[in-house]
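Below is one structure; the comments refer to it alone.
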Amino acid sequence: MHPTRSRFKWAIVTTALIAVLGYAAITNLHRFTTPPPAGQTTDPEMQKLEAALATYKQKIGHYPSTVQGLAALVEKPTTDPIPANWTRVLEKLNPDPWGTPYHYKIPGRRSPDKPEIASAGPDTIFGTSDDLVHQMK
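In this text, residue positions in the sequence shown follow the UniProt record's numbering: the first is 1, and each later residue adds one.
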């Protein structure tokens, strides 16, 4: 084989390999970019919790107490009022996008008969200006 042909062949193989790797990197670039703003990922989770709380109320007849909290959706409460006909509504409780458990209280700030779900927000401290609070409708 001619030495020039061998070099040319390797140049083509190398170029093709670089092109394939470049294409793979570009098509997967979205995996390495910053995630969407956490508020965008918190809202669907809060909606999921709201739906689970509505199901709980429909099955039990009332929302969990503040003391029972969101844990009542995944395990039978041990504090009053203990529901006789309790059933699991969620498999597990996910934390907010910053790794902090959601807070639950009833009554909420805006409605005396509806619960409120809150995320501590990016600073992971409740009671600060970046908290995300969702009042059930």
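Ideal placement from N, C-alpha and C gives every residue a C-beta, glycine not left out.
Quick check: the segment 78 to 94 against the segment 107 to 118, are there 3 or more CB pairs under 8 angstroms? no
Do isoleucine 106 and threonine 79 have their C-beta atoms closer together than 8 angstroms? no
CB of glutamate 50 within 8 angstroms of CB of methionine 136, strictly: yes
My assumption, with CB atoms under 8 angstroms, is that proline 77 sits in contact with tryptophan 98. Please give the rounded CB distance. Beta-carbon to beta-carbon, proline 77 and tryptophan 98 are separated by about 27 angstroms, too far to satisfy the 8 angstroms threshold.
Could you tell me which of His103, Ala19 and Thr15 sits nearest to glycine 69, measuring between CA atoms? From the listed residues His103, Ala19 and Thr15, the smallest Cα separation to glycine 69 is found for His103.
Just reading off the beta strand (DSSP E) that leucine 90 is part of, what are its end residues? Note, leucine 90: premise wrong, no beta strand (DSSP E); not H, not E.
So what's glutamate 50 in DSSP terms, helix, strand or just coil? helix
Quick one: grab the DSSP three-state call for glutamate 116. strand
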